[in-house]
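Report on one structure; see the data block that follows.
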Amino acid sequence: MPQNYSKLLEKQRDFFKTGKTKDVEFRIQALRKLKKVIISRNDEINKALKKDLNKSEFETFTSEIAGPLNEINFALKKLHSWTKPLKVKTPLILFRGKSCVYYEPFGTVLIITPWNYPFNLVMSILTGAVAAGNCCVVKPSELSPHTSGLVSEIIMEVFDEEHCASVNGGVSETTELLKEKFDFIHYTGSTNVGKVIARAAAEYLTPITLELGGKSPCIVDKSADLEASARRILWGKFLNAGQTCVAPDYLLIHKDIKKQFLDIMKKELLKFYGENPEESNDYVRIINEKHFDRIASLLSCGNIITGGRTNREKLYIEPAIIDGITWDDPVMRDEIFGPVFPVLEYENIDEIVEMITSREKPLALYLFSKNKSIWERIIKEISFGGGCINDVIFHQVSYYLPFGGVGNSGMGAYHGKWGFETFSHKKGILNKSLWPEIKLFYPPYNEKIKFVKKFLK
Ligand code: NAD
Numbered sequence: 008m009p010q011n012y013s014k015l016l017e018k019q020r021d022f023f024k025t026g027k028t029k030d031v032e033f034r035i036q037a038l039r040k041l042k043k044v045i046i047s048r049n050d051e052i053n054k055a056l057k058k059d060l061n062k063s064e065f066e067t068f069t070s071e072i073a074g075p076l077n078e079i080n081f082a083l084k085k086l087h088s089w090t091k092p093l094k095v096k097t098p099l100i101l102f103r104g105k106s107c108v109y110y111e112p113f114g115t116v117l118i119i120t121p122w123n124y125p126f127n128l129v130m131s132i133l134t135g136a137v138a139a140g141n142c143c144v145v146k147p148s149e150l151s152p153h154t155s156g157l158v159s160e161i162i163m164e165v166f167d168e169e170h171c172a173s174v175n176g177g178v179s180e181t182t183e184l185l186k187e188k189f190d191f192i193h194y195t196g197s198t199n200v201g202k203v204i205a206r207a208a209a210e211y212l213t214p215i216t217l218e219l220g221g222k223s224p225c226i227v228d229k230s231a232d233l234e235a236s237a238r239r240i241l242w243g244k245f246l247n248a249g250q251t252c253v254a255p256d257y258l259l260i261h262k263d264i265k266k267q268f269l270d271i272m273k274k275e276l277l278k279f280y281g282e283n284p285e286e287s288n289d290y291v292r293i294i295n296e297k298h299f300d301r302i303a304s305l306l307s308c309g310n311i312i313t314g315g316r317t318n319r320e321k322l323y324i325e326p327a328i329i330d331g332i333t334w335d336d337p338v339m340r341d342e343i344f345g346p347v348f349p350v351l352e353y354e355n356i357d358e359i360v361e362m363i364t365s366r367e368k369p370l371a372l373y374l375f376s377k378n379k380s381i382w383e384r385i386i387k388e389i390s391f392g393g394g395c396i397n398d399v400i401f402h403q404v405s406y407y408l409p410f411g412g413v414g415n416s417g418m419g420a421y422h423g424k425w426g427f428e429t430f431s432h433k434k435g436i437l438n439k440s441l442w443p444e445i446k447l448f449y450p451p452y453n454e455k456i457k458f459v460k461k462f463l464k
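So in our numbering, the last one in the sequence shown is 464, and the numbering has no gaps at all.
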């Protein structure tokens, strides 16, 4: 039952006004506490993710817990330097002025997250928002109830409600929340819902970050190391049963190596999950029936090279590689977000550039090649959120790199200092000396234009 969230917002606004969150030590203490509680609740996090997605302990640690812990540790190490006003140069025309950028928290921010990495995404984003000195309302996904429930418990244990709170619920609760005036909204989820969020934010001109999805291509060129490429691609595609925003969505393979590469992928996939991946402890399930049906229907496209067995009751879809695909097949229409890997072939790089740039901008792009000139062409000529050369997904593990989309795959970025910046207003201040008092800009202007043109050209 959605509530009215005005009281919660009022509390957070009042708390923000006290200025406590502007104290860097206060932020550090909060992040330390968050870190401690995440570590102490490790077993509960494992259990919740096992229930929601059948995640193994290994995947839970590497893809759900390690990320936020790294984000927190990095913020703890750097926060004093990040929060210092940033001195910048001053143009000559503003002679005897000093220029500085001040990082100021927005106030109260709303963080909406999806179900696919239901622990990591809340905690990593929250870290950036708290590090920047904001109050936060988190709205985790209703589709991963065990993890989202635990996330709320952890937030309640670590923070006072006036600093950070969690609201559980689905569309109606989020709709109610969006009626409130937040100072910033950070949304992670599908592109369609991203538009709903952007419309709601426009009502108050609230700044937003949208972390969305899309079809992320994975290109394998003739010069690639085929065995290593196959392993890396398969890992990234079938991690979390393909329910990863930055998973390779489809494979673009040079036609001369396609057969060889498909054979290698089949062999390597067998090594990962065995003859029957349904029995593997390391293979994740689909989140619910709705997504199961959507993904299972894509298996009728093209020719299945390997995999594709399903068990609806257990929400299991075997990793599937499908060949004989064209852009007209349903599997190429939207982001797959599941363990189905379509293969398309190409002959030259021009074709790839045209194929990708004539569609929506992807969240990620992966290129497997030893050819530097191909790296440069792809990076220069195709717009996408971010990506890797000779690997997949790991670009979003580095807290030195901004992580975010472009165009339909999102706007804004976070991770490390980029997250701190996203959640901060950058206030530029010019501090002008009272001497000398140059009267150049004041009327009467007369002949001053000649002088001004010299300086301002
Ligand atoms: P979703 O958009 O259905 O839901 C995300 C959140 O929005 C949930 O908290 C949900 O309660 C809320 N929501 C859903 N419908 C809403 C509505 N009509 N009005 C207001 N709120 C609403 O997304 P999802 O299915 O949970 O996640 C999958 C999508 O998220 C994929 O497209 C994936 O690529 C993307 N994703 C992106 C990133 C990233 O960092 N870029 C990370 C993870 C997932």
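Glycine is no exception: its CB is placed at the ideal position from the N, C-alpha and C atoms.
- Between the ligand NAD and the CB of Val158, the shortest heavy atom gap is not smaller than 7 Å.
- Considered as a whole, the segment 113-164 harbours 127-138 as its complete alpha helix (DSSP H) runs of no fewer than 4 residues, in chain order.
- Of the other Cβ atoms in all chains shown, 16 or more fall within 10 Å of the Cβ of Ala231; this residue is therefore buried.
- Checking the 7 Å criterion, the Cβ of Leu447 is out of range of every heavy atom belonging to the ligand NAD.
- Exposure of Ala209 is indicated by the presence of fewer than 16 other C-beta atoms within 10 angstroms of its C-beta.
- In this structure, Pro369 lies near Ser223, with their beta-carbon atoms less than 8 Å apart.
- Residue burial annotation: Val174 is buried, with at least 16 other C-beta atoms found within 10 angstroms of its C-beta.
- Taking Ile46 as the centre and dropping the five residues before and after it, the same chain places the C-beta of Leu76 closer than 8 Å to its C-beta, in chain order.
- Between Ile72 and Ile52, the C-beta spacing is below 8 Å.
- The beta-carbon separation of Leu184 and Ile204, rounded to 10 Å, does not stay under the 8 Å limit for a contact.
- The Cβ atoms of Val137 and Arg39 do not sit closer than 8 Å to each other.
- Secondary structure note for Pro75: its alpha helix (DSSP H) is the uninterrupted segment 73-90.
- If you compare the alpha carbons of Glu32, Tyr110, Arg103, Pro112 with that of Lys84, the shortest gap goes to Glu32.
- Leu259 carries a strand assignment under DSSP once its states are collapsed to helix, strand and coil.
- With a beta-carbon spacing of about 5 Å, Ile260 and Val227 fall inside the 8 Å limit used to define contacts.
- Here Val165 has Ala37, Lys40, Leu41, Val44, Cys171 as same chain residues with Cβ atoms under 8 Å from its own Cβ, once five neighbours each way along the sequence are excluded.
- Straight through space, the alpha carbons of Asp341 and Ser236 are spaced by roughly 25 Å.
- Ile381 counts as buried, since at least 16 other C-beta atoms from the protein chains shown sit within 10 angstroms of its C-beta.
- The Cβ neighbour count for Phe427, taken over all protein chains shown within 10 Å, is at least 16; the residue is labelled buried.
- Under the three-state reduction of DSSP output, Tyr406 falls in the coil class, being neither helix nor strand.
- Residue burial is scored here from C-beta neighbours: Asn318 has fewer than 16 other C-beta atoms within 10 angstroms and is therefore classed as exposed.
- Note that the C-beta distance between Pro284 and Glu325 is below 8 Å.
- Straight-line measurement puts the Cα of Ala254 at about 14 Å from the Cα of Ala327.
- For Val44, the three-state secondary structure derived from DSSP is helix.
- The C-alpha of Asn397 lies about 13 Å from the C-alpha of Ile385.
- The C-beta of Asp59 has 16 or more other C-beta atoms within 10 Å across all chains shown, which makes the residue buried.
- Between the alpha carbons of Leu212 and Glu168 lies a gap of roughly 25 Å.
- Counting every other CB atom within 10 Å of its CB across the protein chains shown gives Gly26 a total below 16, marking it as exposed.
- Boundaries of the beta strand (DSSP E) harbouring Val347: 347-353, taken from the DSSP string.
- The C-beta of Gly243 has 16 or more other C-beta atoms within 10 Å across all chains shown, which makes the residue buried.
- The C-alpha of Trp334 is placed about 20 Å away from the C-alpha of Gly249.
- With respect to the C-alpha of Ile343, the residue from Glu275, Thr251, Ile332, Ser88 having the closest C-alpha is Thr251.
- The Cβ atoms of Gly423 and Phe126 do not sit closer than 8 Å to each other.
- For Phe448, the three-state secondary structure derived from DSSP is coil.
- For Ser148, the distance from the CB to the nearest heavy atom of the ligand NAD is below 7 Å.
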